[in-house]
Amino acid sequence: GRMVIDTALSNVFNSNYLFHEVELGYQFTTEKAKLQAEVEFQDATLRNIQEFPRATTLERNFVNFLPTVRYEYKFSPNVNIQLDYDTYTNEPQINQLQEVIDNTNPLQLRTGNPNLDQAYTNQFRLRFRGNNPDTDKNWFVFAQSRLTNNFIANSTFIANEPTEIQDGIILERGSQLNKPVNLDGFMDFRSWFSYGMPLGFIKSNFNL
Numbered sequence: 616g617r618m619v620i621d622t623a624l625s626n627v628f629n630s631n632y633l634f635h636e637v638e639l640g641y642q643f644t645t646e647k648a649k650l651q652a653e654v655e656f657q658d659a660t661l662r663n664i665q666e667f668p669r670a671t672t673l674e675r676n677f678v679n680f681l682p683t684v685r686y687e688y689k690f691s692p693n694v695n696i697q698l699d700y701d702t703y704t705n706e707p708q709i710n711q712l713q714e715v716i717d718n719t720n721p722l723q724l725r726t727g728n729p730n731l732d733q734a735y736t737n738q739f740r741l742r743f744r745g746n747n748p749d750t751d752k753n754w755f756v757f758a759q760s761r762l763t764n765n766f767i768a769n770s771t772f773i774a775n776e777p778t779e780i781q782d783g784i785i786l787e788r789g790s791q792l793n794k795p796v797n798l799d800g801f802m803d804f805r806s807w808f809s810y811g812m813p814l815g816f817i818k819s820n821f822n823l
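One gets this note's numbering by counting positions in the sequence shown from 1 and adding 615 to each.
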């Protein structure tokens with residue numbers, strides 16, 4: 616039998632992501648404190664070229680300033696705190712950009728989105744460490760928060776009735792179509808606390 620390409624389920628697609636970065640930094644150190652600040656200028660170009668089934672080209676340019684600040688302070692040789700602020704970008708992956716239907720699971724179809732932008736994240740971190748060598752007690756606190764604009768997430772469309780989503784491809788009732796999209800305002804927060812102390816009466820360490 617002769618094999619026939621299903622153009623609705625196939626494509627030839629190239630994605631190029633080229634970026635240039637220039638960084639300037641400053642560092643200040645004293646006996647107890649250390650400050651490091653940097654700012655990075657990033658110019659990035661995302662170029663998507665589809666050759667099959669129809670020839671299309673989409674080009675995007677992103678210009679960002681990415682600051683970073685790190686501060687550490689030693690209250691004593693055994694107690695210190697560190698604060699970090701970072702920014703970074705994430706570009707969409709090629710499988711997220713390809714506008715082709717994946718019907719491997721007929722109840723949960725997937726497709727890409729060639730209009731995706733890069734994501735931009737602000738990240739804050741706090742670390743606090745301390746220990747008392749005389750009592751063998753120690754403690755550690757960690758907290759991190761992230762805020763991302765143009766976060767790449769998945770949107771889900773559930774068909775209430777048979778729906779044609781692309782040439783000849785039908786999404787049956789109750790089936791899902793998943794597609795990546797950009798969303799603003801993504802936030803997450805995580806924290807960790809630990810405390811340790813010796814238990815002399817059983818010659819062990821207790822950690823909470």
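All C-beta atoms in this analysis are idealised placements derived from N, C-alpha and C, irrespective of residue type, glycine included.
Legend entry - Cβ-based neighbour list, R662, same chain, cut-off 6 angstroms, excluding 5 preceding and 5 following: Numbered from its first residue, the sequence shown carries residue 662 at position 47. For R662, where only same-chain residues beyond five positions count, the Cβ hits under 6 angstroms are N631, E674.
Inset, instruction - Please confirm whether V637 and E666 have their CB atoms less than 7 angstroms apart. - result: Position 22 of the sequence shown holds residue 637. Position 51 of the sequence shown holds residue 666. It is not a contact, given that the beta carbons lie outside the stated cut-off.
Legend entry - Run of the beta strand (DSSP E) containing Q697, from where it starts to where it stops: Mapped onto the sequence shown, residue 697 falls at position 82. Taken as a continuous stretch (DSSP letters only), the beta strand (DSSP E) holding Q697 covers 694-705.
Legend entry - Beta-carbon proximity of T702 to L681, cut-off 7 angstroms: Your numbering for residue 702 matches position 87 in the sequence shown. Your numbering for residue 681 matches position 66 in the sequence shown. For T702 and L681, yes; Cβs fall inside 7 angstroms.
Legend entry - 7 angstroms Cβ cutoff met for N765 and N797: Translated into positions along the sequence shown, residue 765 becomes position 150. Translated into positions along the sequence shown, residue 797 becomes position 182. Between N765 and N797, the C-beta spacing is below 7 angstroms.
Legend entry - Cα-Cα separation between E653 and V684, rounded to whole angstroms: Position 38 of the sequence shown, counted from the first residue, corresponds to residue 653. Position 69 of the sequence shown, counted from the first residue, corresponds to residue 684. Each residue's Cα considered, the two are about 6 angstroms apart.
Inset, instruction - Take D799 and list the residues in its own chain whose beta-carbon comes closer than 6 angstroms to its own, dropping the five residues that flank it on each side. - result: Counting from 1 along the sequence shown, the entry for residue 799 is found at position 184. Excluding residues within five positions, the ones whose Cβ falls inside 6 angstroms are N764.
Inset, instruction - Give the DSSP bridge partners of E638, in chain order. - result: Your numbering for residue 638 matches position 23 in the sequence shown. E638 pairs with E655.
Inset, instruction - State yes or no: is the C-beta of A768 within less than 7 angstroms of the C-beta of L741? - result: Counting from one through the sequence shown, the residue named residue 768 turns up at place 153. Counting from one through the sequence shown, the residue named residue 741 turns up at place 126. With respect to L741, A768 sits apart: the two C-beta atoms are not nearer than 7 angstroms.
Legend entry - Same chain, Cβ closer than 8 angstroms to L704, neighbours up to 5 away in sequence not counted: The sequence position of residue 704 within the sequence shown is 89, counting from 1. It is worth fixing the name first, because residue 704 is Thr in this sequence and not Leu. Excluding sequence neighbours, T704 sits near Q657, A659, F677, N679, L681, Q733, A734, Y735, T736.
Inset, instruction - Look at the alpha carbon of N753 and the alpha carbon of R744, and state the distance between them as a whole number of angstroms. - result: Sequence index remark: in the sequence shown, residue 753 carries index 138 (1-based). Sequence index remark: in the sequence shown, residue 744 carries index 129 (1-based). Cα to Cα, the separation comes out at about 8 angstroms.
Legend entry - Counted within 10 angstroms of its Cβ, other Cβ atoms place I773 as buried (16 or more) or exposed: The sequence position of residue 773 within the sequence shown is 158, counting from 1. Its Cβ having fewer than 16 others within 10 Å, I773 is exposed.
Inset, instruction - Could you tell me which residues DSSP puts in a beta bridge with G811? - result: Position 196 of the sequence shown, counted from the start, is the residue given in the question as residue 811. DSSP, once it has assigned bridges, lists N753, N822 as partnering G811.
Legend entry - T771 in three-state terms, based on DSSP: Residue numbering aside, residue 771 sits at position 156 when the sequence shown is read from its first letter. DSSP places T771 in strand when its eight states are reduced to three.
Inset, instruction - Could you check what DSSP says for Q711 in three-state terms: helix, strand or coil? - result: Within the sequence shown, the letter at position 96 stands for residue 711. Here Q711 sits in helix by DSSP.
Inset, instruction - Could you please give the first and the last residue of the uninterrupted beta strand (DSSP E) stretch that includes T734? - result: Within the sequence shown, numbered from 1, the residue matching residue 734 stands at position 119. It is worth fixing the name first, because residue 734 is Ala in this sequence and not Thr. Segment 734-747, the beta strand (DSSP E) holding A734.
Legend entry - Simplified DSSP assignment, three categories, for A670: As a working note, residue 670 is residue 55 in the sequence shown. The answer is coil: DSSP assigns A670 none of H, G, I, E or B.
Legend entry - CB-CB length for F808 against L814, believed under 8 angstroms: If you number the sequence shown from 1, residue 808 lands on position 193. If you number the sequence shown from 1, residue 814 lands on position 199. Your pair F808 and L814 does not check out as a contact, with CB atoms roughly 19 angstroms apart and the cut at 8 angstroms.
Inset, instruction - Quick one: measure Cβ to Cβ for T726 and K647, integer angstroms, because I've assumed they're closer than 8 angstroms. - result: Numbered from 1 along the sequence shown, position 111 holds the residue referred to as residue 726. Numbered from 1 along the sequence shown, position 32 holds the residue referred to as residue 647. Going by Cβ atoms, the distance from T726 to K647 rounds to 55 angstroms, so no, they are not a contact pair.
Legend entry - Separation of F634 from Q697, as counted between CA atoms: On the sequence shown, residue 697 is found 82 positions in, with the first residue counted as 1. On the sequence shown, residue 634 is found 19 positions in, with the first residue counted as 1. Whole-angstrom Cα-Cα distance: 31 angstroms.
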